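Asker: At position 244 of the sequence shown the residue is numbered 485 (the working numbering), and the sequence of numbers has no breaks.
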Amino acid sequence: MKFETMTIHAGERPDRTFGAISVPIYQTSTFAFEDVGETRGYDYSRTANPTRKVLEDTIAQLEGGQAGFAFATGMAAEATVIHLLKAGDHIISGDDVYGGTYRLFQDVMGDCGLEFTLLRMDSRQKIEQAIKPNTKMLWVETPSNPLLNIVDIEMVVDIARKYNLLTVMDNTFATPYLLRPIEYGVDIVVHSTTKYLNGHCDVVSGAVVTTTDELTERIQFLLNALGTCASPFDCWLVLRGIETLPVRMKQHEENAAAVANYLVGHPAVKRVFYPGLISHPGYEIAKRQMKGFGGMVSFEFKQGVESVNSFLRRITVFALAESLGGGASLAEHPATMSHASMPEDSRQKGGITDGLIRLSIGLENIDDLIDDLGQALEPC
Numbered sequence: 242m243k244f245e246t247m248t249i250h251a252g253e254r255p256d257r258t259f260g261a262i263s264v265p266i267y268q269t270s271t272f273a274f275e276d277v278g279e280t281r282g283y284d285y286s287r288t289a290n291p292t293r294k295v296l297e298d299t300i301a302q303l304e305g306g307q308a309g310f311a312f313a314t315g316m317a318a319e320a321t322v323i324h325l326l327k328a329g330d331h332i333i334s335g336d337d338v339y340g341g342t343y344r345l346f347q348d349v350m351g352d353c354g355l356e357f358t359l360l361r362m363d364s365r366q367k368i369e370q371a372i373k374p375n376t377k378m379l380w381v382e383t384p385s386n387p388l389l390n391i392v393d394i395e396m397v398v399d400i401a402r403k404y405n406l407l408t409v410m411d412n413t414f415a416t417p418y419l420l421r422p423i424e425y426g427v428d429i430v431v432h433s434t435t436k437y438l439n440g441h442c443d444v445v446s447g448a449v450v451t452t453t454d455e456l457t458e459r460i461q462f463l464l465n466a467l468g469t470c471a472s473p474f475d476c477w478l479v480l481r482g483i484e485t486l487p488v489r490m491k492q493h494e495e496n497a498a499a500v501a502n503y504l505v506g507h508p509a510v511k512r513v514f515y516p517g518l519i520s521h522p523g524y525e526i527a528k529r530q531m532k533g534f535g536g537m538v539s540f541e542f543k544q545g546v547e548s549v550n551s552f553l554r555r556i557t558v559f560a561l562a563e564s565l566g567g568g569a570s571l572a573e574h575p576a577t578m579s580h581a582s583m584p585e586d587s588r589q590k591g592g593i594t595d596g597l598i599r600l601s602i603g604l605e606n607i608d609d610l611i612d613d614l615g616q617a618l619e620p621c
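Quick look at the structure:
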């Protein structure tokens, strides 16, 4: 099936019990046994649930992986994957990763004996120089959050195979509609399905897609043991959202490209971060490995904090809010919102300045979005 068809028909659909086209919400904690030691495939919803199974199979098929797993949040998905490692192991990741990822790595798992090196993953030499005897994993975001940096996936996978490392990629920003990392050899894909896969800002959830029997068995064990699974109703919400993913992503990207090009020429703007701009340093790589450039745009003010505050107080169509990927356009200030958990020196080192704004470009009419940006930027 083509991608657009898979978003609607992947998994066990229609439902085998009564032929329901919309996947039923099996809102139950437990299932009756047929006999002693004999079930119909489900016994307890922490371990597995029919609604969750359809979502997991759908995401696995969209990503081209072996198996999918649905989690209560994107951070629950990431925390479960990190538990593949043990104390003393070393992980290399980007220096501008999502703030919650940074907090998990440095403030939680660092205390559990894991070691992290964060760097700009833009060269083979830089990554290879960071590899140690105890390095076990390369963790990638591309496009990254919030600077939209692009990582060459083929390069990372080649390095990982050379040194026998596990590769994990957060595909939240691109979604499998624009990028399928497993096709490039990535071992594990993670998602905050809160964002584009759900697309309606009405659920928090996450997902993991695996590629081997060993990884599938281990993630299933960890999901059950840690209790990080998604609820049936949340799974249903994400399934509903996925059905319109291709249509939404096309409009997100069309609007984002227009916004990026508008901001490039604005006198108050110092720099625009959008991989669809030819001036973006990762443009050629993004063009090669992605179907499109996505719906996220970041920009930096020339004047810094005073301009940031004025802009955020004046926007009306854009909402000042965390998160991204929904129909409504959102604006946020990474230094005080999504990346506030990163120490200031780490933010500055990664290029996340106090003058940076991240925009999630929604599905509104583009003229209204640009008009709103224009009036909000006017005094800046």
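For each residue, glycine too, the CB sits at the ideal point set by N, CA and C.
Quantities reported herein were computed from a predicted structural model and do not represent experimental measurements.
1) Cβ atoms of Leu359 and Gly335: under 8 Å apart, would you say?
2) Using the rule of at least 16 other Cβ atoms within 10 Å of the residue's Cβ for burial, across every protein chain shown, is Glu541 buried or exposed?
3) Taking the alpha-carbon of Lys377 as reference, which of Arg365, His250, Glu356, Leu389 has the nearest alpha-carbon?
4) Can you give me the C-alpha to C-alpha distance between Cys470 and Val505, rounded to a whole angstrom?
5) Do Gln530 and Leu604 have their C-beta atoms within less than 8 Å of each other?
6) Return the Cβ separation of Glu253 and Val322 in integer angstroms, given the expectation that the two are a contact with Cβ distance under 8 Å.
7) With contact counted as at least three CB pairs below 8 Å, one residue from each stretch, are the segment 496-510 and the segment 591-603 in contact?
8) In this structure, does DSSP put Ile598 in helix, strand or coil?
9) Taking the C-alpha atoms as reference points, what is the distance between Ser446 and Leu407?
10) Would you mind sorting Ala273 into buried or exposed? The rule is 16 or more other CB atoms within 10 Å of its CB.
11) For Lys436, which residues in the same chain have their Cβ closer than 6 Å to its Cβ, ignoring the five residues on either side in sequence?
12) Within its chain, find whatever has a CB closer than 8 Å to the CB of Lys367; leave out the 5 residues flanking it on each side and keep chain order.
13) Output yes or no for whether 8 Å exceeds the beta carbon distance between Ala261 and Cys476.
14) Whole beta strand (DSSP E) runs in the segment 369-395 with 3 or more residues, listed along the chain?
15) When DSSP labels each residue in this structure, what does Gly335 get in the three-state scheme?
16) Quick test of your reading: Pro575 and Leu610, contact by CB under 8 Å. State the CB separation rounded to the nearest angstrom.
17) Thr314: which of Val479, Glu525, Met583, Gln544 sits nearest, CA to CA?
18) What are the boundary residues of the alpha helix (DSSP H) that Phe462 is part of?
19) Give a yes or no on whether the C-beta atoms belonging to Ile429 and Val450 are separated by under 8 Å.
20) Out of curiosity, what's the CA-to-CA distance linking Gly187 and Ala497?
21) Within the present structure, is the beta-carbon of Ile391 separated from the nearest heavy atom of the ligand MN by less than 7 Å?
22) Identify, in the order they occur along the chain, each residue of the same chain with its Cβ nearer than 7 Å to the Cβ of Asn290, setting aside the five sequence neighbours on each side.
Answerer: According to the data block:
1) By 1-based counting over the sequence shown, the position of residue 335 is 94. By 1-based counting over the sequence shown, the position of residue 359 is 118. Cβ atoms of Gly335 and Leu359: closer than 8 Å.
2) Residue mapping note: residue 541 aligns to position 300 of the sequence shown, counting from 1. Buried, since its Cβ has 16 or more Cβ neighbours within 10 Å.
3) Residue mapping note: residue 377 aligns to position 136 of the sequence shown, counting from 1. Residue nearest to Lys377 within the set Arg365, His250, Glu356, Leu389 is Glu356 (criterion: CA-CA distance).
4) As a first step, residue 470 must be located in the sequence shown, where it is residue number 229. As a first step, residue 505 must be located in the sequence shown, where it is residue number 264. Their backbone Cα atoms lie some 42 Å apart in a straight line.
5) In the sequence shown, counting from the first residue as 1, residue 530 sits at position 289. In the sequence shown, counting from the first residue as 1, residue 604 sits at position 363. With respect to the 8 Å criterion, Gln530 and Leu604 are not classified as neighbours on the basis of their beta carbons.
6) Sequence index remark: in the sequence shown, residue 253 carries index 12 (1-based). Sequence index remark: in the sequence shown, residue 322 carries index 81 (1-based). With a Cβ gap of about 26 Å, Glu253 and Val322 do not count as contacting.
7) The answer is yes - the segment 591-603 touches the segment 496-510, with three or more Cβ pairs under 8 Å.
8) One-based indexing of the sequence shown puts residue 598 at position 357. It is a strand residue.
9) By one-based count along the sequence shown, residue 446 stands at place 205. By one-based count along the sequence shown, residue 407 stands at place 166. Spanning the two alpha carbons is a distance of roughly 24 Å.
10) On the sequence shown, residue 273 is found 32 positions in, with the first residue counted as 1. Residue environment: Ala273 is assigned as exposed (fewer than 16 neighbouring CB atoms within 10 Å of its CB, all protein chains considered).
11) By one-based count along the sequence shown, residue 436 stands at place 195. By the criterion of a C-beta distance shorter than 6 Å, Lys436 is surrounded in its chain by Thr413, Leu565, Gly566, once the five residues flanking it on both sides are discounted.
12) Position 126 of the sequence shown, counting from 1, holds the residue named residue 367. Within the same chain, Lys367 has close Cβ partners Leu360, Arg361.
13) On the sequence shown, residue 261 is found 20 positions in, with the first residue counted as 1. On the sequence shown, residue 476 is found 235 positions in, with the first residue counted as 1. Not a contact, by the Cβ cut-off of 8 Å.
14) Runs found: 376-382.
15) The sequence position of residue 335 within the sequence shown is 94, counting from 1. Three-state DSSP puts Gly335 in a strand.
16) Start at 1 with the first residue of the sequence shown, and residue 575 comes out as number 334. Start at 1 with the first residue of the sequence shown, and residue 610 comes out as number 369. So it is not a contact: roughly 20 Å between Cβ atoms.
17) Translated into the one-based positions of the sequence shown, residue 314 becomes position 73. The shortest CA-to-CA distance from Thr314 to any of Val479, Glu525, Met583, Gln544 is the one to Val479.
18) Locating residue 462 in the sequence shown gives position 221, where the first residue counts as 1. Residues 454-467.
19) To locate residue 429, count along the sequence shown from 1; it is residue 188. To locate residue 450, count along the sequence shown from 1; it is residue 209. Yes, the pair counts as a contact, with Cβ atoms nearer than the cut-off.
20) The question about residue 187 has no answer, for the chain in this structure spans 242 to 621.
21) Among the components of this structure there are no ligands whatsoever, and the ligand MN is therefore not found.
22) For this step, residue 290 is matched to residue 49 along the sequence shown. Tyr267, Tyr283, Pro473.
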